[in-house]
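Last residue of the sequence shown: 174 in the numbering used here, with the numbers rising by one and none dropped. Ideal placement from N, C-alpha and C gives every residue a C-beta, glycine not left out. Keep in mind the model is a prediction, meaning the values are calculated, not measured. Data first, discussion second: the structure below is written as structure tokens.
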Amino acid sequence: MASNFKYPEDQLLYFIRGDHLGLITTYSSAGETRTSRKAFQAVDHAVTNGLLIHYYGNPKKVTSITDTPDIDNLFHSAIVDYVKKCLYMDRAGVSPDPNTAQVSMGLMAQHERRFDNAIKKYGVRKRSKTGGTRAIVPANFT
């Protein structure tokens with residue numbers, strides 16, 4: 033609310049490392065813009081009535097085969113299983129040979145199970161990058 037920054041989006045940057053948020057700027061509290069090699073430094077202004085950070089949570093679209101999905105890298109194998117499931121289902125639908133269709137449906141079911149396990153059953157436990165407070169809850173002996 034009370035700040036020297038008229039347009040903070042032009043002069044402030046932020047980064048997230050683990051559970052920590054860092055605010056950096058090239059603008060000093062004396063009113064001058066830093067231009068040296070270490071231009072970005074911590075914000076040295078007083079913050080009154082809090083701080084509002086606005087960000088967009090939508091991932092980037094994948095538009096070509098060389099793009100990397102904008103999600104946690106632990107879910108990349110689950111995406112591969114989902115795509116394989118869809119491809120095997122398509123192959124089973126267009127195959128004139130019933131044996132090929134049956135094998136494709138079996139492989140489709142296998143990749144569907146792997147996808148469901150990765151996302152639904154073990155999704156939270158497989159994420160090594162989940163932040164937050166850790167706690168040990170002792171057993172109730174009563």
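Three-state secondary structure (DSSP) of Thr95:
As a position in the sequence shown, residue 95 is number 63, starting the count at 1. Coil at Thr95, not helix or strand.
Round the Cβ separation of Phe72 and Thr58 to the nearest angstrom and send it over; I've been treating them as touching at under 8 Å.
Residue mapping note: residue 72 aligns to position 40 of the sequence shown, counting from 1. Residue mapping note: residue 58 aligns to position 26 of the sequence shown, counting from 1. Right, their Cβ atoms sit about 6 Å apart.
How about the stretch 89–97 and the stretch 119–133: do they share at least three Cβ pairs that are nearer than 8 Å?
no
If the criterion is Cβ atoms closer than 8 Å, does the pair Ser136 and Ala150 meet it?
Taking the sequence shown and counting its residues from 1, the one referred to as residue 136 is at position 104. Taking the sequence shown and counting its residues from 1, the one referred to as residue 150 is at position 118. No; because the gap between Cβ atoms is not below 8 Å, this pair is not in contact.
Proximity to Val112 [Cα-Cα], best of Leu45, Glu144, Leu84 and Ser96
Within the sequence shown, numbered from 1, the residue matching residue 112 stands at position 80. Of the listed residues, the one whose Cα sits closest to Val112 is Glu144.
Three-state secondary structure (DSSP) at Thr179?
Given a span of 33 to 174 for the chain in the structure shown, any question on residue 179 remains unanswerable.
Determine the direct distance from the alpha carbon of Gln142 to that of Lys117, and round the result to whole angstroms.
Counting from 1 along the sequence shown, the entry for residue 117 is found at position 85. Counting from 1 along the sequence shown, the entry for residue 142 is found at position 110. So the two alpha carbons sit approximately 8 Å from each other.
Exposed or buried, what is Arg49 when buried is set at 16 or more other beta-carbons lying within 10 Å of its beta-carbon?
Position 17 of the sequence shown, counted from the start, is the residue given in the question as residue 49. That one is exposed.
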